[in-house]
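If you read the sequence shown in UniProt numbering, its first letter stands for residue 1, the second for the next number, and so on. Ideal Cβ placement from N, Cα and C applies to all residues, glycine included. It should be emphasised that the depicted structure is a prediction, and the values quoted were computed from it without experimental measurement. To start, the structure under review is shown below, and the notes come after it.
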Amino acid sequence: MGQILDKLQGKEWRRKQIRKITDRVFDGVKNETGRANLKFEDLYIAVLIVYNDINKHLPGPHFDPPSKDKVREMMMNCDINLDGEIDREEFYTFIKQLTADTFTIVSQKLIITLAVAPAIALATKRSTEKVPGVGNVVQKIPNSVYASLVTLAVVWFQKQTLGDDPQY
1 MGQILDKLQG
11 KEWRRKQIRK
21 ITDRVFDGVK
31 NETGRANLKF
41 EDLYIAVLIV
51 YNDINKHLPG
61 PHFDPPSKDK
71 VREMMMNCDI
81 NLDGEIDREE
91 FYTFIKQLTA
101 DTFTIVSQKL
111 IITLAVAPAI
121 ALATKRSTEK
131 VPGVGNVVQK
141 IPNSVYASLV
151 TLAVVWFQKQ
161 TLGDDPQY
């Protein structure tokens, strides 16, 4: 239950998750190369690892990693000391900027799923009262169960529509 509340707190939870991911990935790539900081090739490998983790652990569509050109451009913007390498703090800033859109999409989907879908479910339940046959059955289902069923249907519908979208 505490994890769910942390996720609903928003920015602080997101910052902690990004920090965990960036520290783990930075250390892993750094240990592989033996260098203290990441050069472009190492940075791109780290980006691929981060996007792999995002696709494994976050709900929603599959997110493709950015192109090498975009990573190179962002690297220049995040390389504060202009040494051509990315240190741990620069990497955190880099990944935070890179994944901002991804977290926005996931957050929007969660809001729709957790807030809007149950409200729509209760509204539709009331509208079925006068439908012969169906109304009596629907009215016997507890509100919480009905809202959960409609929410599951919304999640299923989201997955089906995203599966056909070439953007994801």
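Kindly indicate which three-state DSSP category residue i falls into: helix, strand or coil?
i           : result
residue 141 : coil
residue 86  : strand
residue 157 : helix
residue 65  : coil
residue 81  : coil
residue 99  : coil
residue 2   : With a pLDDT of only 47 at residue 2, under 50, the local geometry of the prediction cannot be trusted, and no value is derived from it.
Taking 8 Å as the cut-off, decide whether the C-beta atoms of residue i and residue j are in contact.
i           : j           : result
residue 55  : residue 62  : yes
residue 117 : residue 150 : yes
residue 89  : residue 37  : no
Nearest CA to the CA of residue i: which residue from the options?
i           : options         : result
residue 140 : 95, 24, 129     : 129
residue 179 : 134, 148, 65    : Since the first residue shown for the chain is 1 and the last is 168, residue 179 is missing from the structure and cannot be characterised.
residue 23  : 49, 41, 40      : 49
residue 98  : 132, 82, 43, 81 : 43
In terms of residue numbering, what span does the alpha helix (DSSP H) encompassing residue i cover?
i           : result
residue 129 : Element bounds for residue 129: n/a, residue is neither H nor E.
**Asked** Quick one: complete alpha helix (DSSP H) runs, 4+ long, within the region 16 to 58?
**Response** 40 to 57
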